[in-house]
Amino acid sequence: INSGVPHVVIPVAQIDDVNVRQQGALIRHHEMFSPRGANVNFIQKRGPQSIAVRTYERGVEDETLACGTGIVASALVFAALENARSPVRVLARGGDELQVGFDRMDDQFRNVTLTGPAEFVFEGTIEI
1 INSGVPHVVI PVAQIDDVNV RQQGALIRHH EMFSPRGANV NFIQKRGPQS IAVRTYERGV
61 EDETLACGTG IVASALVFAA LENARSPVRV LARGGDELQV GFDRMDDQFR NVTLTGPAEF
121 VFEGTIEI
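Each residue of the sequence shown is one higher than the last, beginning at 1 in the working numbering.
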């Protein structure tokens with residue numbers, strides 16, 4: 001699914017048992033996604049409207065604590081597979097719970113929103 005960048009979303013039974021770095025790297029670099037690769041999201045159903053997600057992010061080349069486009073992609077795939085209603089609650093690896101809202105018409109998602117906490121984490125200056 002492309003939610004701004006390409007994402008692979010894989011449902012799993014036990015998200016904490018997934019070796020995100022190893023499995024994510026294998027899938028991210030698979031020839032199917034060549035030449036640029038894809039981000040890889042593993043999701044576990046937590047309830048009828050809720051999932052947990054862990055993301056291997058291309059460019060970072062490792063698991064990240066949260067990925068906005070990955071959370072959106074994961075929620076929409078979950079909604080499609082489980083016929084879940086809006087909003088879908090998503091627990092990110094960093095511990096934040098976010099919500100993905102959407103309007104669904106047949107197999108299309110429209111008016112997609114991502115809502116959750118945001119905090120300032122860094123300020124710096126670069127000499128050029």
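The C-beta atom is built at its ideal place from N, Cα and C for all residues, glycine as well.
Cβ neighbours of Ile51 in the same chain (closer than 8 angstroms, five flanking residues each side left out)
The beta carbon of Ile51 is closer than 8 angstroms to those of Ile43, Gln44, Lys45, Ser74, Ala75, Phe78, Val88, Arg89, Val90, Leu91 in its chain, skipping five residues each way along the sequence.
Counting along the chain, where does the beta strand (DSSP E) carrying Leu114 start and finish?
Looking at the DSSP string, the run of the beta strand (DSSP E) that includes Leu114 is 108-115.
C-alpha distance - Asp17 paired with Thr64, whole-angstrom precision
One C-alpha to the other measures close to 16 angstroms.
Status (buried if at least 16 other CB within 10 Å, exposed otherwise) for Leu98
Classification of Leu98: buried, given that the 10 Å Cβ count is 16 or more.
Buried or exposed: which applies to His30, given that a residue is buried once 16 or more other Cβ atoms fall within 10 Å of its Cβ?
Under this definition His30 is an exposed residue.
Chain-order list of residues whose beta-carbon lies under 6 angstroms from that of Ala66 (same chain, five-residue window excluded):
Correct list, in chain order: Ala92, Gly94.
Taking Thr55 as the reference, which of Gln108, Gly24, Arg36 has the closest Cα?
It is Gly24 whose Cα lies nearest to the Cα of Thr55.
Gly70: beta carbon under 7 angstroms from a heavy atom of the ligand FAD?
As presented, the structure is devoid of all ligands, the ligand FAD included, so that no description of it is given.
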